[in-house]
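Colleague: Its first residue numbered 1, the sequence shown is counted upward by one per residue in the UniProt record's numbering. Sending over a structure as structure tokens; questions will come in a sec.
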Amino acid sequence: MEALMQDLGKHQLEAFRDEIGTLIKTLNLALKSLKAWMSGKKAELPQVALLTSAEIVSEPLGLVLIISSWNFPFGLSLEPLIGAIAAGNVAILKPSELSPASSSLLASSLTSYLDNKAIKVIQGGPQETQQLLEQRWDKIFFTGSARVGRIVMSAAVKNLTPVTLELGGKCPAVVDSLSSSWDIEATVKRIVVGKFGTCAGQACIAIDYVLVENKYCSKLVELMKVWIKKMFGENPQRSKTITRIVNKHHFSRLNNLLADKMVKESVVYGGSVDEENLFIEPTILVDPPLDAAIMSEEIFGPLLPIITVEKIEDSIRFIRSRPKPLALYVFTKNKTLERRMISETSSGSLTFNDAILQYAADSLPFGGVGESGFGMYHGKFSFDTFSHQKAIVRRSFLTDFWFRYPPWTLNKLQLLEECYNYDYLGMFLVMLGLKRSSKRLFANHM
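Okay, structure coming up:
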């Protein structure tokens with residue numbers, strides 16, 4: 001926790017909630033479930049495969065490379081590593097140089113507690129990462145930006161190395177009209193935490209922007225102001241519960257998003273910055289220009305644009321017009337809208353009436369789609385990601401079907417037709433000469 005405070009200024013509770021606690025949960029699940037995960041799974045075969053059995057056996061991929069990110073340096077390093085070890089692989093972990101205290105602690109701790117012949121930690125920056133990517137791997141697991149993800153993918157192609165890319169994107173939250181004050185209050189609190197209370201928005205699944213009907217926007221903004229103050233105080237910079245920006249580069253990037261004149265004019269709350277202390281106040285913007293950088297780039301910080309629509313159903317068209325997000329959050333009690341969101345939008349995950357919650361569920365796959373990444377992990381999905389599912393077939397010598405061998409005849413073709421249709425009565429009738437194929441496939445060639 002001291003390392004997270006040093007790197008990111010994370011409060012101890014947030015550090016436990018998002019990293020330490022989730023890792024304890026993941027480890028306990030793996031220890032409890034590993035025997036079941038490793039056991040072969042029987043596969044059904046059609047009855048025609050008489051005296052034949054089949055199963056699926058998981059085997060380790062071999063040598064894997066895990067490249068993690070700085071915003072959750074322990075969780076994003078150890079969560080995939082647990083899956084890799086559980087599946088029986090040897091691994092190299094490359095933590096981010098942008099969280100040096102956490103990376104250093106990972107290197108020293110893993111060296112002390114794990115077999116150094118099987119698990120190694122390589123520290124360093126882009127040059128070391130590039131050198132690692134030039135090597136041959138059996139699997140690469142990367143968490144980070146789409147820009148670097150493309151570099152990783154390009155390097156992997158040279159050796160046809162399978163890759164899991166955990167990227168990000170602009171994760172929307174859709175706020176429908178809610179009937180009760182309880183529902184509205186819960187929505188606002190969950191949005192505030194899902195943005196500003198999750199590494200100050202520096203999270204791949206943090207809410208990037210909000211879509212709401214124009215007539216409800218003012219009320220939403222006013223309630224958000226109230227809850228930002230309740231959670232982070234009148235002066236958020238003095239609060240110990242909000243994470244600071246990771247470094248000057250990312251601070252400048254976020255500051256530049258606000259520098260656009262039209263964007264600056266859309267700020268309705270917050271907007272103050274302190275470069276020396278790498279602090280940006282929780283900031284709400286209403287209808288910034290859609291062609292501005294703040295609406296085309298992943299924000300990854302405490303800036304929250306609210307985009308108004310005429311009807312809440314218009315949010316579906318808006319989401320579909322943009323790259324597929326890693327996460328989509330919809331606050332509604334409208335079952336029709338819920339069904340449409342499920343069937344008409346695509347995202348890594350879709351959560352109704354909450355935010356971030358899906359990350360903690362080991363029973364759900366965590367991963368993106370399209371530009372937000374591909375592949376999945378968490379729980380058994382981590383084990384499967386680092387495993388090869390090998391098909392095993394055991395065949396008896398006692399039974400043999402003559403129609404599978406040349407020379408080919410029309411009768412053998414008819415038997416194969418019935419076989420592939422799983423029509424066992426039909427096969428029996430063909431054998432007795434009581435049934436003829438209606439298709440007469442390839443009859444001229446027999």
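All C-beta atoms in this analysis are idealised placements derived from N, C-alpha and C, irrespective of residue type, glycine included.
If you follow the beta strand (DSSP E) that Ala-54 is part of, which residue opens it and which one closes it?
Modeller: It spans 52–60 - the beta strand (DSSP E) in which Ala-54 sits, taken as one unbroken run.
Colleague: Which whole-angstrom value describes the C-beta separation of Val-286 and Ser-266, a residue pair presumed to lie in contact below a C-beta threshold of 8 Å?
Modeller: About 6 Å; that satisfies the 8 Å criterion.
Colleague: List the residues that DSSP assigns as beta-bridge partners of Asp-274.
Modeller: Asp-274 pairs with Phe-279.
Colleague: For Lys-195 versus Ile-207, is the C-beta distance shorter than 7 Å?
Modeller: Yes, these two residues count as a Cβ contact at 7 Å.
Colleague: Under 7 Å, do Arg-394 and Ser-53 count as touching if we go by C-beta distance?
Modeller: It is a contact, given that the beta carbons lie within the stated cut-off.
Colleague: From Val-175 to Trp-227, what does the alpha carbon distance come to, in whole angstroms?
Modeller: Rounded to the nearest angstrom, the two C-alpha atoms are 16 Å apart.
Colleague: Quick check: what's the CA-CA separation for Lys-261 versus Ser-112?
Modeller: Each residue's alpha carbon lies about 53 Å from the other.
Colleague: Ignoring anything shorter than 4 residues, give me the alpha helix (DSSP H) runs that lie fully in the stretch 103–159, in order along the chain.
Modeller: Listed in chain order, they are 126–133, 146–157.
Colleague: Can you give the Cα-Cα distance for Ser-177 and Thr-308, rounded to whole angstroms?
Modeller: Looking at the two C-alpha atoms, the distance is approximately 13 Å.
Colleague: In angstroms, rounded to a whole number, what distance separates the CA positions of Glu-298 and Gly-168?
Modeller: For Glu-298 and Gly-168, the distance between alpha carbons rounds to 8 Å.
Colleague: So if DSSP puts Gly-373 in a beta bridge, which residue, or which two residues, is it bridged to?
Modeller: The partner list for Gly-373 (beta bridge, DSSP) reads Glu-166.
Colleague: List the endpoints of the continuous beta strand (DSSP E) containing Tyr-329.
Modeller: It spans 327–331 - the beta strand (DSSP E) in which Tyr-329 sits, taken as one unbroken run.
Colleague: Round the Cβ separation of Ser-99 and Trp-70 to the nearest angstrom and send it over; I've been treating them as touching at under 8 Å.
Modeller: Sure, about 4 Å apart at Cβ, within 8 Å.
Colleague: Using C-beta distances below 8 Å, list every residue in its chain close to Gly-75, excluding the 5 sequence neighbours before and after it, in chain order.
Modeller: Around Gly-75: Asp-18, Glu-19, Thr-22, Leu-23.
Colleague: Run through DSSP, which three-state label would Glu-234 get?
Modeller: Of the three classes helix, strand and coil, the one that applies to Glu-234 here is coil, per DSSP.
Colleague: Report the option in Glu-234, Ala-293, Pro-289 whose CA atom is closest to the CA atom of Leu-254.
Modeller: Among Glu-234, Ala-293, Pro-289, the Cα nearest to that of Leu-254 belongs to Ala-293.
Colleague: Rank Glu-275, Tyr-422, Leu-65 by C-alpha distance to the C-alpha of Glu-128 and give the top, closest one.
Modeller: Nearest of Glu-275, Tyr-422, Leu-65 to Glu-128, Cα basis: Leu-65.
Colleague: Are there 16 or more other CB atoms within 10 angstroms of the CB of Ser-154, so buried, or fewer, so exposed?
Modeller: Its Cβ having fewer than 16 others within 10 Å, Ser-154 is exposed.
Colleague: In this structure, how does DSSP classify Val-226 when only helix, strand and coil are distinguished?
Modeller: Reduced to three states, the DSSP call for Val-226 is helix.
Colleague: Thinking C-alpha only, which one of Pro-172, Ala-173, Phe-141 is nearest Leu-165?
Modeller: Residue Phe-141 is the option with its Cα nearest to Leu-165.
Colleague: Taking DSSP as the reference, what is the three-state secondary structure of His-378?
Modeller: Correct three-state label for His-378: coil.
Colleague: Comparing C-alpha positions only, which one of Leu-8, Ala-87, Gln-414 sits nearest to Ser-96?
Modeller: The option with the nearest alpha carbon to Ser-96 is Leu-8.
Colleague: If you draw a straight line from the C-alpha of Asp-354 to the C-alpha of Tyr-329, how long is it?
Modeller: The alpha-carbon atoms of Asp-354 and Tyr-329 are separated by roughly 7 Å.
Colleague: Given that a residue counts as buried once 16 or more other Cβ atoms are within 10 Å of its Cβ, and exposed if not, what is Trp-408?
Modeller: Looking at its Cβ environment, which holds fewer than 16 other Cβ atoms inside 10 Å, Trp-408 is exposed.
Colleague: Just the C-alpha distance for Val-192 and Leu-303, rounded to the nearest angstrom, thanks.
Modeller: So the alpha carbons of these two residues sit roughly 11 Å apart.
Colleague: Considering only the beta carbon of each residue, do Ile-89 and Phe-386 sit closer than 7 Å?
Modeller: According to the sequence shown, residue 89 is Asn rather than Ile. Yes; because the gap between Cβ atoms is below 7 Å, this pair is in contact.
Colleague: Using C-beta distances below 6 Å, list every residue in its chain close to Phe-383, excluding the 5 sequence neighbours before and after it, in chain order.
Modeller: Correct list, in chain order: Trp-37, Gly-83, Ala-86, Ala-87.
Colleague: Between the beta-carbon of Thr-61 and the beta-carbon of His-378, is there less than 7 Å?
Modeller: The amino acid occupying residue 61 in the given sequence is Leu; Thr does not appear at that position. The answer is no: Cβ separation not under 7 Å.
Colleague: Figure out for me which residue from Val-57, Lys-219, Ile-242, Gln-414 has the closest Cα to the Cα of Val-430.
Modeller: Per the Cα distances, Gln-414.
Colleague: Looking only at DSSP bridge pairs, what is residue 489 linked to?
Modeller: Outside the shown range of the chain, which is 1 to 446, sits residue 489, and nothing can be said about it.
Colleague: Run through the DSSP bridge pairs and tell me what Lys-219 is partnered with.
Modeller: Partner(s): none; Lys-219 has no beta bridge.
Colleague: With distances taken Cα to Cα, identify the nearest neighbour of Lys-117 among Pro-288, Gln-135, Leu-93, Glu-44.
Modeller: Of Pro-288, Gln-135, Leu-93, Glu-44, the residue nearest in Cα terms is Leu-93.
Colleague: For Phe-366, list the residues DSSP reports as bridge partners.
Modeller: According to DSSP, Phe-366 bridges with Tyr-377.
Colleague: How far does the beta strand (DSSP E) with Phe-352 in it extend, from its first residue to its last?
Modeller: 349–352 is the span of the beta strand (DSSP E), which, as asked, contains Phe-352.
Colleague: Which partner residues does Leu-178 have in the DSSP bridge list?
Modeller: Paired residues: none, contrary to the question.
Colleague: Hey, quick one: how far does the alpha helix (DSSP H) through Ala-360 stretch, first residue to last?
Modeller: Segment: none, Ala-360 is in no alpha helix (DSSP H) and carries neither H nor E.
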